[in-house]
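With my numbering applied, the sequence shown covers -9 to 105. Glycine included, C-beta positions come from ideal geometry on N, C-alpha and C. Notes follow the structure.
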Amino acid sequence: MFNSINRGVKRTCPHCGDGKLFSGYLKITNCRVCKAPTGDIRADDLPPYLTILLVGHIIVPMLVFFEAVYHPPLWIQMAVWPSMALLLMLFVLPFIKGGVAGLIWHLQPSGSEQP
């Protein structure tokens, strides 16, 4: 299980670990190396939730610390913290989505999610 998740976090195919998992920023496609049908993996809802949870646990303590120690003006905080949160979310989301795709690949749900 952890092998598939680790391969997904590395954004490689959870089956072989060699092919790319994403064709774009977040679009999961079939593996070009081992031809595994990874494009059928539907990891849509859990990755954003986990990303917001992780980024919130990183940003909020930093915000509270800087407010308590430095007392920056409100306009600086309104410019800095949302921007940092957005950039961190955009950076972390593909890694978390890859990990969730690896978990789904390992669990191999029996039902088809094809539209």
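Q.
Can you check which of these residues, 36, 4, 15, is closest to residue 25 by C-alpha distance?
A. To locate residue 25, count along the sequence shown from 1; it is residue 35. The alpha carbon of residue 25 has as its nearest neighbour, out of 36, 4, 15, the alpha carbon of 4.
Q: State the DSSP-derived secondary structure class of residue 25, mapped to helix, strand or coil.
A: In the sequence shown, residue 25 corresponds to position 35, counting from 1. Correct three-state label for residue 25: coil.
Q. Span of the alpha helix (DSSP H) holding residue 18?
A. Your numbering for residue 18 matches position 28 in the sequence shown. Per DSSP, residue 18 belongs to no alpha helix (DSSP H) and is neither H nor E.
Q.
Please identify the residue among 84, 11, -1 whose C-alpha is closest to the C-alpha of residue 23.
A. Along the sequence shown, read from residue 1 onward, the residue named residue 23 stands at position 33. The shortest Cα separation from residue 23 among 84, 11, -1 belongs to 11.
Q: Alpha carbon to alpha carbon, how far is residue 62 from residue -9? Give it in angstroms, no decimals.
A: Translated into the one-based positions of the sequence shown, residue -9 becomes position 1. Translated into the one-based positions of the sequence shown, residue 62 becomes position 72. Rounded to whole angstroms, the gap between the alpha carbons of residue -9 and residue 62 is 45 Å.
Q.
According to DSSP, is residue 87 part of a helix, a strand, or is it coil?
A. Working through the sequence shown from its first residue, we reach residue 87 at position 97. Helix at residue 87.
**Q.** Touch test, the stretch 41 to 55 against the stretch 67 to 75, Cβ-Cβ under 8 Å, three pairs minimum
**A.** As far as the Cβ criterion goes, the stretch 41 to 55 touches the stretch 67 to 75, which means the pair count is three or higher.
Q. Residue 87 to residue 59, Cα distance in whole Å?
A. For the purposes of this step, residue 87 is taken as the residue at position 97 of the sequence shown. For the purposes of this step, residue 59 is taken as the residue at position 69 of the sequence shown. Each residue's alpha carbon lies about 35 Å from the other.
(Q) Going by DSSP, what residue range makes up the alpha helix (DSSP H) through residue 12? (A) The residue given as residue 12 occupies position 22 in the sequence shown. That residue, residue 12, is in no alpha helix (DSSP H); it is neither H nor E in DSSP.
**Q.** Whole-angstrom distance between residue 42 and residue 67, CA atom to CA atom
**A.** In the sequence shown, the residue the question calls residue 67 occupies position 77. In the sequence shown, the residue the question calls residue 42 occupies position 52. If I take the Cα positions, the gap works out to 19 Å.
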